[in-house]
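J.: Everything in the sequence shown is counted per the numbering used here, starting at 20 for the first residue and increasing by one.
Each residue gets a CB set at the ideal place from its N, CA and C atoms; glycine is no exception.
Just so you know, these numbers come straight off a predicted model, no measurement behind them.
I have a structure here, written as structure tokens, and I will follow up with some questions on it.
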Amino acid sequence: MLLALPEIKKQCRIDEDDEEENELLTLYAGAAEKRTSNYLNRTLYPDAVPDTDPDGLVLSADIKLGMLHLVSHWYENRSSVSDFEQSETPMSFEFLIGPYRYIPL
């Protein structure tokens with residue numbers, strides 16, 4: 020998993036000692052990682068891209084922040100949209116990770 024549980028809890032403003040939501044947060048983190056990778060059309064790596072993956076990408080701070088925004092959005096909004104938020108993903112997600120998107124032609 021590219022996101023660590025303590026940083027997810029900090030983003031969601033959950034006490035680090037509170038373990039009640041750990042399973043849900045881990046599920047959200049895995050889904051955010053997959054959603055980000057699919058959106059970018061690239062595999063994300065924590066440290067280095069293997070030579071066998073020419074389109075791979077090392078997780079940068081802005082991509083990580085975009086993923087954290089996505090997790091906190093899902094945590095705060097248990098349905099895809101709400102009365103206040105009419106978007107399934109926060110605009111900050113696409114703003115932060117969009118520049119890294121690979122669009123094969």
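1. In chain order, what residues of the same chain lie with their CB nearer than 6 Å to the CB of Asn111, ignoring the 5 residues before and after it?
2. Give the straight-line distance between the Cα atoms of Trp93 and Arg54, rounded to the nearest whole angstrom.
3. Using a 10 Å radius around the Cβ and a threshold of 16 neighbouring Cβ atoms, would you call Leu115 buried or exposed?
4. Does Tyr121 come out as helix, strand or coil in the three-state DSSP assignment?
5. Where do the ends of the alpha helix (DSSP H) carrying Val90 lie?
6. If you follow the alpha helix (DSSP H) that Met20 is in, where does it begin and where does it stop?
7. The alpha helix (DSSP H) with Arg32 in it runs from where to where?
8. Measure the CB-CB distance between Pro123 and Asn60 and report whether it falls below 8 Å.
9. Does the region 56-74 come within contact of the region 22-30, defined as at least 3 CB pairs closer than 8 Å?
10. For the candidate residues Tyr121, Ala80, Met86, whose alpha-carbon lies nearest to that of Leu46?
T.: According to the data block:
1. Numbered from its first residue, the sequence shown carries residue 111 at position 92. The residue you asked about is not Asn; residue 111 is Ser in the sequence shown. Here the set comprises His88.
2. The residue given as residue 93 occupies position 74 in the sequence shown. The residue given as residue 54 occupies position 35 in the sequence shown. One C-alpha to the other measures close to 12 Å.
3. Here residue 115 refers to the residue found at position 96 when the sequence shown is read from its first residue. Looking at its Cβ environment, which holds 16 or more other Cβ atoms inside 10 Å, Leu115 is buried.
4. Residue 121 sits at position 102 when you count from the first residue of the sequence shown. Here Tyr121 sits in coil by DSSP.
5. Along the sequence shown, read from residue 1 onward, the residue named residue 90 stands at position 71. For Val90, the enclosing alpha helix (DSSP H) has its first and last residue at 80-95.
6. Numbered from its first residue, the sequence shown carries residue 20 at position 1. For Met20, no alpha helix (DSSP H) run applies, since DSSP gives it neither H nor E.
7. Here residue 32 refers to the residue found at position 13 of the sequence shown. Where Arg32 is concerned, there is no enclosing alpha helix (DSSP H), given that its DSSP letter is neither H nor E.
8. Locating residue 123 in the sequence shown gives position 104, counting from the first residue. Locating residue 60 in the sequence shown gives position 41, counting from the first residue. Cβ atoms of Pro123 and Asn60: closer than 8 Å.
9. no
10. Walking along the sequence shown from the start, residue 46 turns up at place 27. Answer by Cα proximity: Met86.
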